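The structure appears below as C-alpha cells.
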Amino acid sequence: MGKFPLPHAVTDIQCENDLETKVTYGRKATIAQLLATMVQSLLLVNVGMELAMATVVIGSLYKNPNAEFLITDSESSWYGSILYLCQPIGSCLSGYAQKHFGKKSCVVLACVPSIFGWILLWYSNSVTMLYWSTITMGMGLGFNDGPAYSYIGEICEPRLRGIMACVVNMACLIGVLSSYGLSYVFHWKTVAAMSALCPVMCLTFVAFIPESPIWLLSKGRNEKAMKAICWLRGWVDPCVVATEYQELMFYYKTSVDQSKTIKVSKGLFSSFSWIKSASVYRPLRLVTVYYVFTLISCLTPCRPYIVKLMYESGVKDTHSISLVLFGFMQLAGSVGLTLTVRKLGKRMLTLSTLCINTLAIFMFAVYFLCINSDLIKTEAYVPMVLYSIIMFSGAMGMLTVPWTLVSEIYPNEAKGFASSLTTAIFYILTFTATKVYLSVENTLGLTNTFFMMAASSFVGFVYLYRNMPETENKTFLEIEEFFVPKKEQTSAELIPGSRAVC
C-alpha cells in the first residue's frame with residue numbers, strides 16, 4: 000500500500016475497477032449490468048413523471064375558467080416548488096438507509112410514498128390535496144436519485160459506468176415525455192392514475208436484481224457478495240471473478256481502516272464528519288456550483304410555468320403540443336449524450352452545451368426586447384425553436400452530466416452519504432429558484448430576467464472551464480486524485496493545464 004498514501008485514495012470500488020481494466024468481461028456482463036440498471040431506471044422514470052406533473056397540473060388549472068378548481072399565482076408557485084422542498088428530507092434519510100439497509104431497500108422506501116402520492120393526486124379536488132400529494136411524492140423522491148446513482152457506480156465496470164448513468168438520466172426524461180404525451184390525450188387525473196403503475200412495476204422487478212456487492216461486503220455477507228459479482232459479470236462461475244473478489248475484499252478492509260481517521264462517531268448524523276475530508280468537500284463544492292448553473296442555463300425555474308411562458312411568447316393555441324415537443328427534445332438530447340459521451344467526454348459536452356444554452360437564452364431575451372419595443376410581431380415558432388434548442392442541448396450536457404458525476408466523484412465509503420447530500424442540495428436549490436422565479440419575473444420583467452440568466456450562464460461557462468475535470472473512462476482513483484490537495488497527490492491531474500478545485 001506504499002504507493003497509495005492518500006486517505007481514502009483506494010476504496011473497494013476503485014480496486015474493483017482497477018482490476019476491471021485488466022479483465023475484460025463478455026457481452027453477458029454488459030447485459031447483466033444493463034438489466035440491473037433498467038430496474039433502477041424505473042425509479043427515474045417515475046421521478047420524471049412526478050417532476051413533469053406540476054407543469055401539467057398548473058397548465059390545466061392556472062387561470063383556467065373551465066377547470067374543476069383554480070389556482071392563483073402564489074398557489075401555483077408553491078405547488079410547482081414544494082416537491083423539491085420535501086425531497087431533501089427523504090434524501091438525508093436515504094444516506095442512512097443505504098448504509099444500514101442497502102440500496103434495494105431504498106427502492107421500497109421510494110416506491111411506497113410515490114404510489115400514495117399518485118393516488119392522492121388522482122382524488123385531488125382542492126389545492127390542499129394537491130399540496131399533500133406532492134409532499135408525499137417528495138418524501139419518496141429523496142430515496143430515488145442518490146441510491147440509484149451510487150448503485151450504478153458500484154456495480155458497473157468503468158467502460159460502462161458513464162453509459163449506464165446516461166441510461167438512468169434518459170429514464171427520467173422518458174418519464175417527463177410520458178407525462179406530457181399522456182396529458183395531451185388524457186385528463187390530468189387520468190395521467191396520475193396511470194403514472195402509479197411505474198412504481199408498482201419497480202417494486203415487482205427489484206426482487207430479481209442483486210444488492211450492491213460493496214454493501215454486502217460491508218455487512219460481512221461475503222457469500223452473497225460473491226453471488227452478486229457473479230450475477231453482474233454475466234452469471235459466471237465464482238472462479239471467473241475469484242481474483243476480483245479477493246482484491247475487492249482486501250481493499251475494502253483497507254478502506255475501512257483508513258476511514259476510521261475520519262468517522263469517529265456513530266449514529267444517524269455521523270456521516271456528516273465526512274465533510275472534513277477533501278475527497279468529499281471538494282467534489283461536493285464543484286457539483287453544487289455546477290447545479291446552480293444547470294438550473295439557470297436549462298431554465299429549470301421556468302419549467303412549472305412553461306405554458307404561461309409560451310403564451311407570453313406568442314404560442315397561444317399549441318402549448319399542449321409544445322410540451323410534447325419539449326419532452327421529446329429532452330429525450331433526444333439524452334440519447335445524444337449516451338451515444339457521444341465516451342468519445343467526447345463529459346467536460347467537452349458540458350462546456351459546449353452550456354455555450355449553446357447561453358446563446359439561446361440571450362436570443363430569447365433579445366426576442367422579448369424586440370416584441371416589447373414593437374420592432375417585430377410575435378412569432379410562435381421563435382420561442383418554440385429556442386426553447387427546443389435549450390431542452391435538447393441541456394439534456395445532452397448540463398442537465399444530465401452532473402447526475403453522472405454523482406456516481407463517480409466520491410470515495411466509496413462516503414458515496415451513500417455524499418450522493419444523498421448532493422441530491423438534497425440540488426432539490427433545495429431547485430425549490431428556491433422555482434419559488435422565487437415568478438417574483439423575479441414580476442419585478443424585473445421577462446426581458447431583464449432572461450438577460451440576467453444569460454449573463455449568469457456565461458459566468459458558469461468560465462467557472463466550469465477552469466475547474467471541471469474529465470472523468471469519462473477514468474478510474475475512481477484517478478478522479479479522487481484530482482480533488483485532493485496537490486501536496487498529497489500521487490499522480491498527474493486528470494486534465495493538463497487545469498487546476499484542482501480549491
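Okay, so the sequence shown: first residue is 0 according to numbering that gives the first Met the number 0, each after it adds one.
For glycine and all other residues, C-beta sits at the position ideal for the given N, C-alpha and C.
Model, not experiment: these values are computed from the prediction.
Taking the CA atoms as reference points, residue 423 sits about 20 Å from residue 52. Proximity to residue 276 across 227, 72, 184 and 409 peaks at 409, based on C-alpha coordinates. One alpha carbon belongs to residue 437, the other to residue 77, and they sit about 11 Å apart. For residue 240, the closest alpha carbon among the candidates 99, 191 and 28 is that of 28.
DSSP, read as helix, strand or coil, puts residue 24 in coil.
Positions of the alpha helix (DSSP H) runs, each at least 4 residues long and wholly inside the region 274-345, are given as 277-296 and 305-312 in order along the chain. Taking all protein chains shown into account, residue 402 has 16 or more neighbouring C-beta atoms within 10 Å of its C-beta and is therefore buried. A distance below 6 Å between beta-carbons, with the five flanking residues on each side excluded, links residue 163 to the following residues of its chain, in chain order: 36, 151 and 155. Look at the beta carbons and you see the region 203-223 not touching the region 84-92: under three pairs across the two are nearer than 8 Å.
Secondary-structure assignment with DSSP links residue 70 through a beta bridge to 61. Here residue 235 carries a coil assignment [DSSP, helix/strand/coil]. Selection 74, 161 and 68 evaluated against residue 338 yields 161 as nearest (Cα-Cα).
Residue 279 is classed as buried because its beta carbon has at least 16 other beta carbons within 10 Å across all chains shown. Pairing residue 454 with residue 466, the inter-Cα distance amounts to about 19 Å. Judged by DSSP secondary structure, residue 454 falls within the alpha helix (DSSP H) whose first and last residues are 445-466. About 6 Å separates the beta carbon of residue 397 from that of residue 297, a gap short enough to meet the 8 Å contact definition. A contact between stretches requires three or more CB pairs, one per stretch, nearer than 8 Å, and the region 130-146 meets this requirement with the region 86-104.
In the three-state reduction of the DSSP assignment, residue 399 falls in the coil class. Taking a cut-off of 8 Å on C-beta distances, the region 380-400 touches the region 321-337, as three or more cross pairs fall below it. Between residue 382 and residue 57 a beta carbon distance of about 18 Å is seen, past the 8 Å cut, so the two are scored as non-contacting.
Apart from sequence neighbours up to five positions away, the residues of its chain that approach residue 224 with a beta-carbon distance below 7 Å are 212, 215 and 216, ordered along the chain. Counting only runs of 4 or more residues that sit fully inside the region 61-135, the alpha helix (DSSP H) segments are 72-100 and 102-121, in chain order.
For residue 354, the closest alpha carbon among the candidates 459, 288 and 417 is that of 459. Inside the region 144-199, DSSP marks whole alpha helix (DSSP H) runs of 4 or more residues at positions 144-154, 157-184 and 187-194, from first to last along the chain.
Residue 357 and residue 457 do touch by the CB rule: their CB atoms are close to 5 Å apart, below 8 Å. Beta-carbon to beta-carbon, residue 173 and residue 47 are separated by about 6 Å, close enough to satisfy the 8 Å threshold.
About 6 Å separates the CB atoms of residue 429 and residue 294; that is less than 8 Å, so the two are in contact. For residue 142, the three-state secondary structure derived from DSSP is coil. Residue 238 is classed as exposed because its beta carbon has fewer than 16 other beta carbons within 10 Å across all chains shown. Under the DSSP assignment, residue 381 falls in the alpha helix (DSSP H) whose first and last residues are 380-394. Between residue 292 and residue 364, the C-beta spacing is not below 8 Å. Sequence-distant partners of residue 30 (beyond 5 residues in either direction) whose C-beta falls short of 8 Å from its own C-beta, in its chain, are 233.
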